[in-house]
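Asker: Dropping the structure in here first, questions after.
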Amino acid sequence: MPGPDNIYVLTESVSKGWRQGVGITCGLISGVLVHTMVVATGFSLIIFEYEWTYTLLKYTGSAYLVHMAYGAYTEKAMQVKIGQKAMVERFIELFRRGFIMNVLNPKVTLFFMVLLPQFVSADPMHFTSMWQMIILGVVFMAVSFPVFSSIAIVSGRIASLVSNDRFWLITKWIKVLVLISLAILLLLSQKPI
2 MPGPDNIYVL TESVSKGWRQ GVGITCGLIS GVLVHTMVVA TGFSLIIFEY EWTYTLLKYT
62 GSAYLVHMAY GAYTEKAMQV KIGQKAMVER FIELFRRGFI MNVLNPKVTL FFMVLLPQFV
122 SADPMHFTSM WQMIILGVVF MAVSFPVFSS IAIVSGRIAS LVSNDRFWLI TKWIKVLVLI
182 SLAILLLLSQ KPI
């Protein structure tokens, strides 16, 4: 089942081409490094130990998603012609957007806090545990990048097939709804016990 990040990569790639999706994917995948280090060093315990740190992360992430939804709402339809390469944003902007989306998502940190420790040595304070967590994070990145990139490339190829205004209206509202839904879900999320 595709997650919200996959859906965002898909909608951006369909509307703007596969390079857009791959740029966002690079940022999303790089954000995993932050979550991996936060869990591997034990810093994640601080984030979820104090209510205010979790709440700050939750509201900041939600605000960023609403900001992106507004950007999608005000976006102008592109004129796609068969064989024409889609205009893409600069790679650094796409990377930054994906990175921030990933880092500000406490659910990703929670995923890493719950999943990765099950596969490392029992003593969380042991030096080996930290390296095992880092290796698992890198493996996660290595597996995720081809999946996300494939979504971007396949859906980006579809972009050249669509050229009517109705497609752009539907795509715009799907992006707005996905981003607003993510922001609402993030606001409603509860601190883990």
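For the sequence shown, my numbering begins at 2 and goes up steadily by one.
Glycine included, each C-beta is placed from N, C-alpha and C at the ideal position.
What do you reckon, are the CB atoms on Ala-70 and Val-177 nearer than 8 angstroms?
Answerer: The residue you call residue 70 lines up with position 69 of the sequence shown. The residue you call residue 177 lines up with position 176 of the sequence shown. Yes, these two residues count as a Cβ contact at 8 angstroms.
Asker: As a quick exercise: from Ser-63, Phe-146, Leu-116 and Ser-145, pick the residue whose alpha carbon is nearest that of Gln-133.
Answerer: Position 132 of the sequence shown, counted from the start, is the residue given in the question as residue 133. Considering only alpha carbons, the answer is Leu-116.
Asker: Mapping DSSP to helix, strand and coil, what is Leu-183?
Answerer: The residue given as residue 183 occupies position 182 in the sequence shown. Note: Leu-183 maps to helix in three-state DSSP.
Asker: Use the C-beta contact count for Arg-20: other C-beta atoms within 10 angstroms, 16 or more gives buried, fewer gives exposed.
Answerer: Walking along the sequence shown from the start, residue 20 turns up at place 19. Its Cβ being crowded by 16 or more others within 10 Å, Arg-20 is buried.
Asker: Could you tell me the alpha carbon to alpha carbon distance between Thr-129 and Ser-16, rounded to whole angstroms?
Answerer: The residue you call residue 129 lines up with position 128 of the sequence shown. The residue you call residue 16 lines up with position 15 of the sequence shown. Computed Cα separation, rounded: 45 angstroms.
Asker: Please name the residue in Ser-182, Lys-108 and Ser-14 whose C-alpha comes closest to that of Met-55.
Answerer: Residue 55 sits at position 54 when you count from the first residue of the sequence shown. Residue identity differs from the one stated: residue 55 is Tyr in this sequence, not Met. For Tyr-55, the nearest C-alpha among the options comes from Lys-108.
Asker: Looking only at C-alpha atoms, which of Trp-174, Ile-152 and Lys-59 sits nearest to Ser-14?
Answerer: Indexing the sequence shown from 1 puts residue 14 at position 13. Considering only alpha carbons, the answer is Ile-152.
Asker: With three or more C-beta pairs closer than 8 angstroms as the rule, is the stretch 98–113 touching the stretch 23–36?
Answerer: Flag = yes, the stretch 23–36 and the stretch 98–113 touch.
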